Structures are given as C-alpha cells and as structure tokens.
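Heads up, the sequence shown is in my numbering, so the first residue is 210 and it goes up one at a time.
Virtual Cβ for every residue (Gly too), placed ideally from N, Cα, C.
Note that the structure is predicted; figures quoted are calculated from it, not measured.
Just below is one structure, and these are the notes that go with it.
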Amino acid sequence: MTSYGRPPGGLPPQTALMTGRAVFTEAYAVIPGGVLSDIVASPLPFWEGTRSWTLARPMTGFAETFAQLLLELAPGGGSDRPEPDPAAEAALFVLDGEAALTIEGRASRLEPGGFAYIPPGAAWSLRNPAGAPARLQWIRKAYARLPGLPAPDPIIVNERELTPAPMPGSDGRWATTRFMDPEDLRHDMHVTIVTFEPGGLIPFEETHVMEHGLYVLEGKGVYKLNRDWVEVEAGDFMWLRAFCPQACYAGGPGRFRYLLYKDMNRLPALRPGARP
Numbered sequence: 210m211t212s213y214g215r216p217p218g219g220l221p222p223q224t225a226l227m228t229g230r231a232v233f234t235e236a237y238a239v240i241p242g243g244v245l246s247d248i249v250a251s252p253l254p255f256w257e258g259t260r261s262w263t264l265a266r267p268m269t270g271f272a273e274t275f276a277q278l279l280l281e282l283a284p285g286g287g288s289d290r291p292e293p294d295p296a297a298e299a300a301l302f303v304l305d306g307e308a309a310l311t312i313e314g315r316a317s318r319l320e321p322g323g324f325a326y327i328p329p330g331a332a333w334s335l336r337n338p339a340g341a342p343a344r345l346q347w348i349r350k351a352y353a354r355l356p357g358l359p360a361p362d363p364i365i366v367n368e369r370e371l372t373p374a375p376m377p378g379s380d381g382r383w384a385t386t387r388f389m390d391p392e393d394l395r396h397d398m399h400v401t402i403v404t405f406e407p408g409g410l411i412p413f414e415e416t417h418v419m420e421h422g423l424y425v426l427e428g429k430g431v432y433k434l435n436r437d438w439v440e441v442e443a444g445d446f447m448w449l450r451a452f453c454p455q456a457c458y459a460g461g462p463g464r465f466r467y468l469l470y471k472d473m474n475r476l477p478a479l480r481p482g483a484r485p
C-alpha cells in the first residue's frame, strides 16, 4: 500500500540548525514539510479536535485562485459545518488515517488515497471515526460559474481505482491520475496525481497560464522553478505562479509523486475581481 508523505510535526530542538530549504519568491514558493512544526499549526472555526497548516492562500504576491490546507484530525475530530463560504468548492485527499465524509446526506468512508470533490453550496461534514489521527489535504476555490453550465457533481473515489494516463512519448515514466474528467467544462479546476518513475522527467520548461499547488506525496525530485533548481521530497509543498517556468526530474531510486492543483477551463478575467 502506498505511504503518502506528511510533515513530521513536533518542534526541532534548540540544537538544530536554522538552515533549511524554504523559499518564497514572486514567482514560486517552497514550503518544506520540516517547517510545518506544531507551533505554526492553527485551529479553525467550527472544527473540533483539528489542527491546520495553511500552505497557500489568496494574497498579494502569492496564490490568486485557491487556498490549500493540511488538516490533522484527532479521533472524533472534524466539523459539521466546515465551509463558511457558499461559493467555495472543495477537494479533499486523505494522506493517512480515515475520514467519514457526508455530502448532501450521502455518507462515504475515505481511506488513504481517497479523494472527494465537493461542489459549491453543498452541505457537507467531515469526521475522523478511527482511533488514530487522520491527515488530509483540503483545497478550496471560489467556483467560477458560467451561464448555462451547472456546477459539477460530487466525486468520491480512491486513486487505486483509477488508471494513470501515460504522457505521450514518455514510455510510461511520466503519468497522470485524473480525478476530474478533462472534457467536463463544468470544472474550473483540476486535481490530479502526477507520477514519475525513476528516470522520468518533464523535458521542457512549461510556461503557462495555470496556477499550481503541488504537495509531494512520495519520493524526491529536483524542480526547475523560474531560474532556480530546488530539491523537494515527500511532505513538501510548492506554489507556482501563473507563467512560472517549470520542469522537473525524479531524483531518487523510487517514484516521485505529487498532488497537483491547477485552475482550468475559464477565460482570464479582464477586470480585477471580475468573474471570467
């Protein structure tokens, strides 16, 4: 069974060096798992037995289209009214433990590798029904509605149930597991898992309009971000601004995998604050 990376938690000792890999620039950010210590965790309103680490949030010079959080739910922890914004859609991905999710009265049990898409305005709740902590990624986005298109339906699936799609010309060393149908234009974001086998790489500097949030699930890799090469490993998070040049290669003996967010399927807004 796949083991997904998660921050170690705790607090480094006073003897630890301060030198690390954290980087924050106008084009990208790298938040290593090691900096997500207990003292930077935060509780959330209307959540019980829950700690959170905010990895990305809309702000000047940082994420523009989404927020992403790492949640840790104690046994019995969670929320019966987790989302205060009726315009927000959500994607959840379970790293370890179990999560009991209810969307509009439909109950599901999510295990590691479990993914859920929650449409905007849907009533949902989330609890940890097990005796050990549960950890998961929570991606939030203000849904960009289009006339004549309804909001997407909920999605509940485990990545083990999906077949990764190999990228052309990669001989299977670079593949994408898609949680949303790429032809379904109701979706204004895609969440996928990108997998590189040893020796796999992105063979050119992608430079495009989609903003990215990447959470490394497994292995390690070397990423070209704007002008810099950075090493990342399981438990690290990266934010990439729209048009930030990017490429990477798997940098270890095993697979390099990450959970990827990107905004999709909408024309760019031409006025600040306007919907596309």
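Who pairs with Gln346 in a beta bridge, going by DSSP? Counting from 1 along the sequence shown, the entry for residue 346 is found at position 137. BP columns for Gln346 point to Leu279, Phe302.
Decide if His396 is buried, meaning its Cβ has at least 16 other Cβ atoms within 10 Å, or exposed. Stepping through the sequence shown from its first residue, residue 396 is reached at position 187. Residue burial is scored here from C-beta neighbours: His396 has at least 16 other C-beta atoms within 10 angstroms and is therefore classed as buried.
Mind reading off the beta-carbon distance from Thr401 to Arg387? Whole number of angstroms is fine, and I expect it under 8 Å. In the sequence shown, counting from the first residue as 1, residue 401 sits at position 192. In the sequence shown, counting from the first residue as 1, residue 387 sits at position 178. About 5 Å; that satisfies the 8 Å criterion.
Integer-rounded CB distance, given that Gln455 should sit under 8 Å from Lys429: By one-based count along the sequence shown, residue 429 stands at place 220. By one-based count along the sequence shown, residue 455 stands at place 246. Contact flag wrong, Cβ pair sits at about 17 Å.
Span of the beta strand (DSSP E) holding Trp438? On the sequence shown, residue 438 is found 229 positions in, with the first residue counted as 1. Note, Trp438: beta strand (DSSP E), 437 to 442.
Measure the C-alpha to C-alpha separation of Gly357 and Pro328 and round it to an integer number of angstroms. Your numbering for residue 357 matches position 148 in the sequence shown. Your numbering for residue 328 matches position 119 in the sequence shown. A direct Cα-Cα distance of roughly 16 Å separates Gly357 from Pro328.
I believe Leu335 touches Pro291 by the beta-carbon criterion, under 8 Å. Please report the beta-carbon distance rounded to the nearest angstrom. What you label residue 335 is simply residue 126 of the sequence shown in a count that begins at 1. What you label residue 291 is simply residue 82 of the sequence shown in a count that begins at 1. With a Cβ gap of about 6 Å, Leu335 and Pro291 count as contacting.
Taking 8 Å as the threshold (beta carbon to beta carbon), is Tyr432 in contact with chain D? Here chain D cannot be found, since the structure has a single protein chain.
Spatial neighbours of Ala250 in its chain, beta-carbon cut-off 7 Å, leaving aside the 5 residues before and after: Position 41 of the sequence shown, counted from the first residue, corresponds to residue 250. Cβ within range, chain order: Arg260, Ser261, Trp262.
At the level of alpha carbons, what is the spacing between Tyr352 and Pro222? Along the sequence shown, one-based indexing puts residue 352 at 143. Along the sequence shown, one-based indexing puts residue 222 at 13. The straight-line gap from Cα to Cα measures roughly 43 Å.
DSSP on Asp247, reduced to helix/strand/coil? By 1-based counting over the sequence shown, the position of residue 247 is 38. If DSSP states are grouped into helix, strand and coil, Asp247 belongs with the helices.
If you check the beta carbons only, do Met447 and Leu423 fall under 8 Å apart? As a first step, residue 447 is located in the sequence shown; it is residue number 238 there, counting from the start. As a first step, residue 423 is located in the sequence shown; it is residue number 214 there, counting from the start. Against a cut-off of 8 Å, the Cβ pair of Leu423 and Met447 comes out as a contact.
Would Tyr458 and Leu426 qualify as a contact pair, given that the criterion is a beta-carbon distance under 8 Å? The residue given as residue 458 occupies position 249 in the sequence shown. The residue given as residue 426 occupies position 217 in the sequence shown. Taking the C-beta atoms as reference points, Leu426 is found no nearer than 8 Å to Tyr458.
Tell me whether Asp472 is buried or exposed, calling it buried when 16 or more other Cβ atoms sit within 10 Å of its Cβ. The count along the sequence shown starts at 1 and reaches residue 472 at position 263. By the 10 Å Cβ count, Asp472 comes out buried.
Minimum length 3: unbroken beta strand (DSSP E) runs contained in the region 303 to 328: Positions of the beta strand (DSSP E) runs, each at least 3 residues long and wholly inside the region 303 to 328, are given as 308 to 312, 315 to 319, 323 to 327 in order along the chain.
Glu235 in three-state terms, based on DSSP: Within the sequence shown, the letter at position 26 stands for residue 235. Reduced to three states, the DSSP call for Glu235 is coil.
Report the three-state DSSP secondary structure of Gly242 (helix, strand or coil). Here the question's residue 242 lines up with position 33 in the sequence shown. In this structure, Gly242 counts as helix in the three-state DSSP scheme.
Cβ shell of Ile365 (< 6 Å), same chain only, five flanking positions each side left out: Within the sequence shown, residue 365 is the residue found at index 156, counting from 1. Residues Ser317, Ala325 of the same chain have their beta carbon placed closer than 6 Å to that of Ile365, with the five preceding and five following residues left out of the count.
Bounding residues of the beta strand (DSSP E) (the contiguous stretch that carries Leu190): The shown model of the chain, from 210 to 485, leaves out residue 190, and the question about it has no answer.
Report the CB separation of Ala331 from Pro363 in whole angstroms; it is logged as a contact under 8 Å. Residue 331 sits at position 122 when you count from the first residue of the sequence shown. Residue 363 sits at position 154 when you count from the first residue of the sequence shown. Indeed, because the Cβ distance is near 7 Å, the residues count as touching under 8 Å.
Does DSSP classify Glu415 as helix, strand or coil? Along the sequence shown, read from residue 1 onward, the residue named residue 415 stands at position 206. Strand.
I think Leu280 touches Trp347, with their Cβ atoms under 8 Å apart; what is that distance to the nearest whole Å? Numbered from 1 along the sequence shown, position 71 holds the residue referred to as residue 280. Numbered from 1 along the sequence shown, position 138 holds the residue referred to as residue 347. 6 Å between Cβ atoms; contact.
Can you tell me the Cβ-Cβ gap for Arg450 and Glu420, rounded? I've got them flagged as a contact below 8 Å. Numbered from its first residue, the sequence shown carries residue 450 at position 241. Numbered from its first residue, the sequence shown carries residue 420 at position 211. Arg450 to Glu420, Cβ: 6 Å. Contact.
From Val239 to Gln277, what distance separates their C-alpha atoms? In the sequence shown, residue 239 corresponds to position 30, counting from 1. In the sequence shown, residue 277 corresponds to position 68, counting from 1. Spanning the two alpha carbons is a distance of roughly 14 Å.
Candidates Pro241, Glu257, Ala300, Trp256: closest to Leu469 by CA position: Taking the first residue of the sequence shown as position 1, residue 469 is located at position 260. Answer by Cα proximity: Ala300.
Under 8 Å between the Cβ atoms of Glu307 and Ala343? For the purposes of this step, residue 307 is taken as the residue at position 98 of the sequence shown. For the purposes of this step, residue 343 is taken as the residue at position 134 of the sequence shown. Closer than 8 Å, so yes.
Let me know the secondary structure DSSP gives Glu368 once reduced to three states. Residue mapping note: residue 368 aligns to position 159 of the sequence shown, counting from 1. Residue state, collapsed to three classes: helix.
Between the CA atoms of Ala296 and Leu479 - distance to the nearest angstrom: The count along the sequence shown starts at 1 and reaches residue 479 at position 270. The count along the sequence shown starts at 1 and reaches residue 296 at position 87. Counting only the Cα atoms, Ala296 lies some 20 Å from Leu479.
Simplified DSSP assignment, three categories, for Cys457: For the purposes of this step, residue 457 is taken as the residue at position 248 of the sequence shown. Per DSSP, reduced to three states, the secondary structure at Cys457 is strand.
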